[in-house]
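Reading through the structure tokens given below for one structure.
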Amino acid sequence: MIDPIPDRLKRIYVQWNIRGAILFSLGLQIILVLFASFRKRTANKFMIFLLWSCYLLADTVAVFAIGHIASSQGNGDPSDPPDTGNLLVFWSPFLLLHLGGPDTFTAFALEDNELWVRHLLFLASQVIPALYLFILTFGGSSLILPTILLFVAGCIKYLERTYALYLASMDQFRESAHQKPDAWPNYANALIKEYSSKIESKLPAKIIIVSEYGKITYQRFIRTPASAKLTDIQVLKKAHPFFDIFKGLIGDLNISFQHRMESRDFFTKLLPDEALQVLEVELNFLYEALFTKAVVVHSKAGYVCRFVSSTAVVAGLAIFIFHVKKHGRYGNFDIGVTYALLFSALALDFIALLRSIFSNWTVVALTKSNYRESLPWWQSWAIRSRLKRWSKTIPVYNLIGYCLETRETWIRRVIHDTGLGGDFMDGILYVKRREFSMDLWKFIFQELMNKSRLAEDDLDTANKIYAARGNFILQEMEWDAYRDNLTPYITDVGYDVSLLIWHIATELLFNTNPNKPDLVDIESSLSSVSTRKKYCKIMSDYMLYLLIMQPTMMAASAGISKFRFLDTCKEAKRFFEGEGIRSAAAHEEACVKILEWNTDVPIQFVLFDASRLAKELNKLDEDQRWELLSKVWVELVSYAAGHCRAIAHAQQLSSGGELLTFVWLLMSHFGLTDKFQLPKSRIMPQLIFGK
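The numbers in UniProt numbering rise by one with no breaks, and the one at position 555 of the sequence shown is 555.
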């Protein structure tokens, strides 16, 4: 039988499979260490795909190399130097280091954290072959000491990763977020014991009942001086306690009413940009707790483990240098690979050390020291020169634009019929990204703060605001004349249909206005009407993007949103074909034609309802029209933010972040959520001595 693989290729494979895998594993680690933190700063699909690929390949390649090192003992290439086998065994602990991964990347998705038990078993499965290799070479290898040192460092690294996954698993994360239990049961038990003791001693005693409930006390925020803005250090000092409290939302836990009052008092006294900074830092803490080793590294045990592992690597390097000078019976290339592994391990540890020193966790730890009035200059510089903590972009997706741009080709039919990345391709081709606008944030912040002040301590009003999706704003007196005509487009249809109707209506009004504003620079406009148009346009396109491209972030009622969208697209395409509109350049003409549609005869089409809604809104003055639309869109955004599962918000932190997540957390701080414990009055017994 003829062997299809030439002997020369077999020799090349035998000689290079381990070396190639080792170098490839090292390259993957370098990429992950240098670029893993980009996950929270970019929404670029190709960058995220690259990091995802490296994350998956890193474990596979390391396991492949360890297995081949074990199988190569006694079966090496005869042309290799005599001690090559011992050197290969010395390489195996580096693969454990690689399996431990970088500090900035433990999990790609939240589901990875739930697999911490598998990683623990996986560690055992890799330690066993490593121990087997040690036994094989124990008597005849002079590299056994540095091998053991590197093995200890590798085990520590992998245990760090496994423990980080364990702490970020949902059960444990929820447990860490539990607030201190109420002292009432302890008080009641102590009271009963004391009363029984007095009765047994025949001392006069009785229990009376008083009302304990009074006004809830909480720590108020006072600016000093009143006009001063929050410093970067103050932002960190405020954000970290809020992170500790509000991380319970990820585990569907309720927040105490006292914390609601403290948080609401603080955020209602902030400027919009200050609130954004606090939210950015708070979400950054959440990201690092869920997707990195930050919680493990920034602990006493973490400091000890990091010192031991780094010391072991340094000692291993020193011993190897001495050993090579004395017993240099290895190939030059293999010696070069070994030095690359050792110096890379040191360099990656040094990078991790720098990141740890300049991290927010270290700053918070230093500011908690009572004897420190200010931070060292290098820490202050690190805070001021920080990189952005999220992508600061807003993805937008437009229904009419999509219908005009898409062409039904056989390639598209194959992609969509087979499910081979249709949404992924649409996301690349038709989703655009706009720069995050501080003016838009200020507008959303002001609207939510006004509603928070309106609710104050009235939880019924807060619940109405939380449940509103455009109908709450219509209850204001100034909209009395239009309420009956506009409310059905909100309350008589599901949330997903309502979103589509208001999206199309906004698009029609935006494009049929002769003074259409420029969307590139939202801060450039001095006209309040023009600015509100931009707000509406961006929020409208953003919400459609979430509805179609990120359905897990939408309210549970938006379950069939994709089918609604596709049906509406079919309606629109048929309408455009009937009107002879076949070019994306005819976007404005398409909007005019839809707006001119005869709506006297009712038809059960989303496009038809949107045209009728646009005509109703056209009855308002331009100022009123865009004021109402902008306020309705804030409610539609806040409804989606509040009714999205908290775990879906957390997942987006590893993909550049979402504006919706900031709105969700801001609403929580303003007390506009259903995740607060209701204050209860309590009947408090007291023990009275004497007659």
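Beta carbons: idealized from backbone N, C-alpha and C, even for Gly.
Residues near residue i in its chain [Cβ-Cβ closer than 8 Å; skip 5 each side]
i: F64; result: A21
i: D112; result: T106 and L165
i: L617; result: L486, A505, L509, R625, L628 and L629
i: residue 695; result: This structure cannot speak to residue 695, because the chain is shown only from 1 to 691.
i: S498; result: R469, G470, Y489, I490 and L636
Residue i, buried or exposed, once every other Cβ within 10 Å from all chains shown has been counted against 16
i: Q277; result: buried
i: Y13; result: exposed
i: Y132; result: exposed
i: T60; result: exposed
i: W16; result: exposed
i: K533; result: buried
i: S125; result: exposed
i: residue 695; result: Since the first residue of the chain shown is 1 and the last is 691, residue 695 is not available in this structure.
i: W91; result: buried
i: G101; result: buried
i: residue 745; result: Past the boundaries of the shown model lies residue 745; the chain is included only from 1 to 691, so the question cannot be answered.
i: N398; result: buried
i: E175; result: exposed
i: D262; result: As written in the sequence, residue 262 is Glu, which differs from the Asp given in the question. Per the 10 Å Cβ criterion, buried.
i: Y303; result: exposed
i: N332; result: exposed
i: E435; result: exposed
i: Q475; result: exposed
i: A610; result: buried
i: Y371; result: With a pLDDT of 44 at Y371, under the threshold of 50, the modelled position of that residue is not reliable, and no figure is offered here.
Cβ neighbours of residue i in the same chain (closer than 6 Å, five flanking residues each side left out)
i: T42; result: S391 and G656
i: A352; result: D103
i: R433; result: T393 and P395
i: L150; result: P93 and G316
i: E114; result: S169
i: G154; result: P93, L96 and L97
i: K237; result: T367
i: K451; result: I465
i: N511; result: E588 and C591
i: L279; result: F662 and L665
i: A239; result: V278, V281 and E282
Range covered by the alpha helix (DSSP H) that runs through residue i
i: T568; result: S561 to G578
i: I548; result: S528 to M549
i: C644; result: Run containing C644: none; DSSP gives neither H nor E here.
i: T84; result: T84 to G100
i: V493; result: Note, V493: premise wrong, no alpha helix (DSSP H); not H, not E.
i: T406; result: From DSSP, T406 is part of no alpha helix (DSSP H); its letter is neither H nor E.
i: E614; result: The question names Glu, but residue 614 in the sequence shown is Ala. From DSSP, the alpha helix (DSSP H) with A614 extends over V606 to L617.
i: T330; result: The identity of residue 330 in the sequence shown is Tyr, whereas the question assumes Thr. It is not in any alpha helix (DSSP H) - Y330 carries neither H nor E in the DSSP assignment.
i: T268; result: Where T268 is concerned, there is no enclosing alpha helix (DSSP H), given that its DSSP letter is neither H nor E.
i: R144; result: Note on residue identity: the sequence assigns Ile, not Arg, to residue 144. Per DSSP, I144 belongs to the alpha helix (DSSP H) from I144 to A168.
i: L660; result: L659 to H669
i: Q234; result: D232 to F246
i: N463; result: L459 to A467
i: D484; result: D480 to L486
i: E111; result: L110 to N113
i: D59; result: K45 to S72
i: L620; result: Segment: none, L620 is in no alpha helix (DSSP H) and carries neither H nor E.
i: W361; result: N360 to T367
i: K593; result: H587 to L595
i: A294; result: A294 to V297
For residue i, the residue or residues it bridges with in DSSP
i: E435; result: T393
i: I255; result: F676
Close-in-space but distant-in-sequence residues of the same chain around residue i (CB under 7 Å, 5 per side omitted)
i: F243; result: E282, F285 and L286
i: I156; result: C305, V308 and S309
i: A70; result: P129, Y132 and L133
Check: residue i C-beta below 7 Å from any heavy atom of the ligand PLP
i: D334; result: For the structure depicted, the ligand PLP is absent and the ligand set is empty, with no information on it obtainable.
CB contact check: residue i to chain D, cutoff 8 Å
i: S359; result: Reference to chain D is not applicable here, since this structure consists of a single protein chain.
Would you say the stretch 660-667 touches the stretch 439-452, given that touching needs at least three Cβ pairs under 8 Å? In short, these stretches touch, since the Cβ pair count reaches three.
For the 8 Å Cβ check, are there 3 or more pairs between the stretch 471-478 and the stretch 641-652? With the cut-off at 8 Å, the stretch 471-478 and the stretch 641-652 do not touch.
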